[in-house]
Amino acid sequence: MNKNKRLISGNEAIAEAAIMAGCRFYAGYPITPQNQIPEYMSWRMPEVNGVFLQAESELAAINMVFGASLTGTRAMTSSSSPGISLKQEGISYMAGCELPGVIVNIQRGGPGLGNIQGSQADYFQATKGGGHGDYRMPVLAPSTIPEAAELMMAAFDYADFYRTPVLLLSDGILGQMMEAVEFKEYKPIKKLVKKDWILDGARNRVPRSIFSLMTAPGALEKHNWKLLEKFSKMEKEVLSETYLAEDAEILVCAYGIMGRIGKAAIQMARKEGIKAGLFRPITLWPFDSKTASLYGSKAKKVLVVEQNLGQMVEDIKLAVEDSKKVFFHGRPGGGVASKEDLFEKIKELIK
Amino acid sequence: MEANLIICGSGGQGVLLAGTVLCHAAIKENKNVTWLPSYGAEKRGGLSYCAVVISTEPILSPLISRPPVIIALDNIGFDFYEHTLADKGLIILNTTLIGRETKRKDAEVLKVPITQIARDLGNVRIANMVALGVYLGKSGVIMLESVIAALDSVASSKYKDLILINRQALEKGFEIGVQNKKRG
Amino acid sequence: MKPVYLKPESLKDVVTSYCPGCGHGLVHRLIAEVIDELKVREKTIGIAPVGCAVYAYDYFNFDVAEAPHGRPPAVATAIKRCLPDRIVFTYQGDGDLASIGTNEIIHAANRGENITVIFINNANYGMTGGQMAPTTLPGMRTTTTQKGRDSKLHGFPLRVSELLATLEGTVYIERVSLIDPANVIKTKKAIKKAFSNQLTGTGFSFVEVLSPCPVNWGLKPLEALKFVKDQMIPYFKLGILKDKTEEMKKEKGA
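As structure tokens, then:
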């Protein structure tokens, strides 16, 4: 038996990966189905001399991350959908102030209080803004728990490298389920430089300030253009997985938990001689339109599968030239399509 | 090799723990596992469920829509999941708490007074391990030794003194499972 | 020639955007003097609010961050927890602290964060043009209470210092004013104590400053000071509302 393998829930794996990546500040507020993250952090952070704070609200939590980040500390918060709505204020300010930080959304059903079942209903919020203002934020969507651990570590690197908030977008199923994880030693995926912008007291240097209000004529526009330059660089960081997509006549597009269930359906289809393949975006922003376009255009039909009423399907339609061949299968409100359901759908479309 | 099963009952019956112990044991045998629980507001009472997939291949779907095996510890779980059983699937039925017959005429039903056995062993709360033992004996998916070894790694120091009785429960269930292996 | 009155090192040599007769500039100067006197300029991190003092980073000659509206106590909490040996203070107005940020101030205070809070109470939203604040006095006219604040409609002015004084986590709370030189000196003394407490690790210290806002009040600067004296002080009583400084020092020493 591999002694390094740990049976661990998605939530706990995310927390441990953050610690391994050098995260030393966590602030959060209880909400199901992500409570294992603050619970884990509450005892784990002190072990590594980090700070754990149970905040009075999600608003306070994200603003604590804002504060920790401006001291140069790797910082994160986590929540689930309704709580992530509250965090949008801080996320927007962090984007404006160019502060790194990692936010984890273990999605549940909505709108409103919704339910506590796993969901992918926050795709729009995550990838199209969420908070106010003209900003972009990398969004990482793991499909397995080992991948969640890996992406969590990468999230801190992207955050520091680009000085941006980064969102890990997962869901209640992946958060609550357990899988064996072999934690790999943390190695930065980006070349990280010393943070020369932090506020730690102006000792032997000119005082610094961190702010997002720019009312002088043209100042904000200039800042926005500068941010655009950064977003353009971030846009090159696309990650996606394809599976049997080369000769696929039907291309299944799904991310996160639905990505792996989609893959299972594809295996069922292949066994019956149906040429099905998978496109699974790992970064939801930036979105790998190129790959989606390449295989989507080749395929006869494209099936987008989500745990919502149809959100990523819009990005797929933008990527695939002939959007008439794009079909959607979704289950909202915590419903989840099984591999059998998806296999049936594939069969129906290929007829 | 791939094994799919669900364990269901009520909160407090150790449904989730039984699945967790099984997963630990499977990992000891270098198999892949996924464990997916139901989670809700209730801490005690109310439906409790976990789906366990064990495979020598990487596991894609952690969801089991048509489980080939259902371990039902009480009516709450049984009523809810009975209809999902795969055609000609196996039900391990806790007859102490489930008075009725199954509606699934195609099913292979292994009736075991699981809670009564646990009570006779001295602790009603080890019914989950009796049930798990029955499954191990019947299916042969994971070795009993691996599960016993897993108990050790799962139990916190506070519960170390309960390992012995849990082990007895597993062994008792296993025996029943093995006896019923050929049937059906 | 020996200079008798200099700009503190902790203030930048710039013109502020504050209106004539406004209290902010004066309180900025008092804070800067205190930070100079305590020799902590190089380890101070200030948190500016949203409101008239949002540009504080342009005026203070040390590190300053601008927090989202009402959130300075949450931001300060994190900074202090990450860098416990730095001096961290928030500077907040009544809209920021007593309205949108009540949650953050109450919980930072209740956790007993070892930070300093300077609360400027001028009974209205200055930056947005003089709307009703939670501290607006009954009958007081603002752009959103044009016939005067009606307590039946809008409730009562919030006494934040009194409220915070009830919390176990707070150590030192004092309300001061700027109505005359004697009170300005008192204000400086209170600010100095609030910062000194942080240096000694004594705990959460809070100074509420009743501050004139002549432009939005529609008064001349001197009339505004008189308004503070005659109208505000009777409702927001000056003085120490809580002081566990010595007790806490002893506890720490023991």
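Residue numbers (our numbering), protein chains in the order written: chain A, 108 to 458; chain B, 112 to 295; chain C, 2 to 255.
For every residue, glycine included, the Cβ atom is placed at its ideal position computed from N, Cα and C.
Count the other CB atoms, across all protein chains shown, that sit within 10 Å of the CB of B:S121; report buried if there are 16 or more and exposed otherwise. Here residue 121 of chain B refers to the residue found at position 10 when the second sequence is read from its first residue. Buried.
For B:G288, I'd like the list of residues in its chain whose CB is within less than 7 Å of its CB, leaving aside the five on either flank, ordered along the chain. The sequence position of residue 288 of chain B within the second sequence is 177, counting from 1. For B:G288, where only same-chain residues beyond five positions count, the Cβ hits under 7 Å are G244, V245, Y246, L247, G248 and K249.
Would you give the residue range spanned by the alpha helix (DSSP H) that C:P74 belongs to? Position 73 of the third sequence, counted from the first residue, corresponds to residue 74 of chain C. Run containing C:P74: P73 to C83, per the alpha helix (DSSP H) assignment.
Note down the Cα distance separating A:Q525 from A:Q232, rounded to an integer number of angstroms. What the structure shows of chain A is the stretch from 108 to 458, and residue 525 of chain A is not part of that stretch, so it cannot be assessed.
To the nearest angstrom, how far is it from the Cα of A:S445 to the Cα of A:V411? Stepping through the first sequence from its first residue, residue 445 of chain A is reached at position 338. Stepping through the first sequence from its first residue, residue 411 of chain A is reached at position 304. Going by the C-alpha atoms only, they are around 14 Å apart.
Tell me which same chain residues have a C-beta within less than 6 Å of the C-beta of C:S100, skipping the five on either side of it? To locate residue 100 of chain C, count along the third sequence from 1; it is residue 99. If we look at C:S100 and ignore the five residues flanking it on each side, its Cβ neighbours are P135.
Can you tell me which of C:F228, C:A109, C:V35 and C:Q93 puts its alpha carbon nearest to the alpha carbon of A:A167? Sequence index remark: in the first sequence, residue 167 of chain A carries index 60 (1-based). Of the candidates C:F228, C:A109, C:V35 and C:Q93, the one whose C-alpha sits nearest the C-alpha of A:A167 is C:A109.
Who are the Cβ neighbours of C:P21 in its own chain at under 8 Å, not counting the five residues just before and after it? Here residue 21 of chain C corresponds to residue number 20 of the third sequence, with the count starting at 1. For C:P21, where only same-chain residues beyond five positions count, the Cβ hits under 8 Å are P215, V216 and P222.
For the region 46–59 of chain C, which residues have a beta carbon sitting closer than 7 Å to at least one beta carbon of chain A? I46, V55 and Y58
Coil, strand or helix - C:P69 by DSSP: As a working note, residue 69 of chain C is residue 68 in the third sequence. Correct three-state label for C:P69: coil.
Along the region 76–91 of chain C, where does the CB come closer than 7 Å to a CB of chain A? Name the residues. V76, A77, T78, A79, I80, R82, C83, L84 and R87
Opening and closing residue of the alpha helix (DSSP H) in which A:P388 lies: Counted from its first residue, the first sequence places residue 388 of chain A at position 281. It is not in any alpha helix (DSSP H) - A:P388 instead sits in the beta strand (DSSP E) that spans A383 to P388.
Between the alpha carbons of B:E286 and A:S250, how many angstroms are there, rounded? Here residue 286 of chain B is taken as the residue at index 175 of the second sequence, counted from 1. Here residue 250 of chain A is taken as the residue at index 143 of the first sequence, counted from 1. Between B:E286 and A:S250, the C-alpha separation is close to 39 Å.
Report yes or no: is there a C-beta of chain A within less than 8 Å of the C-beta of C:V15? Position 14 of the third sequence, counted from the start, is the residue given in the question as residue 15 of chain C. Not closer than 8 Å to any Cβ of chain A, the Cβ of C:V15 fails to qualify, so no.
Could you pull the DSSP bridge partners for A:D278 from this structure? For this step, residue 278 of chain A is matched to residue 171 along the first sequence. According to DSSP, which records beta bridges pairwise, A:D278 is partnered with A:Q214.
Nearest CA to the CA of A:Y350: which residue from A:M419, A:D429, A:K294 and A:K382? Here residue 350 of chain A corresponds to residue number 243 of the first sequence, with the count starting at 1. Among A:M419, A:D429, A:K294 and A:K382, the Cα nearest to that of A:Y350 belongs to A:K382.
Using the rule of at least 16 other Cβ atoms within 10 Å of the residue's Cβ for burial, across every protein chain shown, is B:H135 buried or exposed? Position 24 of the second sequence, counted from the start, is the residue given in the question as residue 135 of chain B. Per the 10 Å Cβ criterion, buried.
If we require 3 or more residues per run, which beta strand (DSSP E) segments fall completely within the region 125–181 of chain B? 143–148 and 158–166
Do C:P69 and A:Y200 have their beta-carbon atoms positioned less than 8 Å apart in this structure? Translated into positions along the first sequence, residue 200 of chain A becomes position 93. Translated into positions along the third sequence, residue 69 of chain C becomes position 68. For A:Y200 and C:P69, yes; Cβs fall inside 8 Å.
Straight-line CA distance for B:K139 to B:E168? Your numbering for residue 139 of chain B matches position 28 in the second sequence. Your numbering for residue 168 of chain B matches position 57 in the second sequence. Cα to Cα, the separation comes out at about 15 Å.
Any beta carbon of chain A sitting closer than 8 Å to that of C:K44? For the purposes of this step, residue 44 of chain C is taken as residue 43 along the third sequence, with counting starting at 1. Answer yes: the Cβ-Cβ gap between C:K44 and chain A drops below 8 Å somewhere.
Under three-state DSSP, which class holds A:K112? Sequence index remark: in the first sequence, residue 112 of chain A carries index 5 (1-based). Three-state result, A:K112: strand.
Check the DSSP bridge columns for A:Q143 and list the partner residues they point to. Along the first sequence, one-based indexing puts residue 143 of chain A at 36. Beta-bridge pairing links A:Q143 to no other residue.
N- and C-terminal bounds of the beta strand (DSSP E) containing A:K408: For the purposes of this step, residue 408 of chain A is taken as residue 301 along the first sequence, with counting starting at 1. Unbroken beta strand (DSSP E) run through A:K408: K408 to E413.
A:D267 at chain C interface by Cβ criterion, 8 Å: As a first step, residue 267 of chain A is located in the first sequence; it is residue number 160 there, counting from the start. With 8 Å as the cut-off, A:D267 does not count as an interface residue toward chain C.
Would you say C:P69 faces chain A, with C-beta separation under 8 Å as the test? Working through the third sequence from its first residue, we reach residue 69 of chain C at position 68. By this cut-off, C:P69 is an interface position.
For the region 103–121 of chain C, which residues have a CB atom closer than 7 Å to at least one CB atom of chain A, in sequence order? N104, E105 and H108
Do A:G190 and A:S277 count as a contact pair if the criterion is CB distance below 8 Å? For the purposes of this step, residue 277 of chain A is taken as residue 170 along the first sequence, with counting starting at 1. For the purposes of this step, residue 190 of chain A is taken as residue 83 along the first sequence, with counting starting at 1. No, the Cβ-Cβ distance between A:S277 and A:G190 is not below 8 Å.
Do we get a CB-CB distance below 8 Å when we pair B:S268 with the residues of chain A? If you number the second sequence from 1, residue 268 of chain B lands on position 157. Chain A contact via Cβ: absent.
Compare the C-beta of A:A167 with all C-beta atoms of chain C and state if any pair is closer than 8 Å. Against the first sequence, residue 167 of chain A aligns to sequence position 60. Chain C contact via Cβ: present.
Pick from C:R82, C:F237, C:G52 and C:M133 that is closest to C:D151, judged by C-alpha positions: Position 150 of the third sequence, counting from 1, holds the residue named residue 151 of chain C. Nearest C-alpha to C:D151: C:M133.
Every unbroken alpha helix (DSSP H) within the region 170–209 of chain A, with a cutoff of 4 residues, ordered by chain: 188–204
Going by DSSP, name the residue or residues bridged to C:S206. The residue given as residue 206 of chain C occupies position 205 in the third sequence. Partner(s): C:T117 and C:Y173.
Spatial distance of B:I202 from B:K142 (CA atoms): The residue given as residue 202 of chain B occupies position 91 in the second sequence. The residue given as residue 142 of chain B occupies position 31 in the second sequence. Answer to the nearest angstrom: the Cα atoms are 24 Å apart.
In chain order, what residues of the same chain have a beta carbon less than 6 Å from the beta carbon of B:I187, not counting five sequence neighbours either side? Counting from one through the second sequence, the residue named residue 187 of chain B turns up at place 76. Once the five neighbours on either side are set aside, the close Cβ partners of B:I187 are S121 and L158.
Best match in A:R181, A:V433, A:A228 and A:S400 for proximity to A:G129 [C-alpha to C-alpha]: Position 22 of the first sequence, counted from the start, is the residue given in the question as residue 129 of chain A. Measuring from the Cα of A:G129, the nearest candidate turns out to be A:R181.
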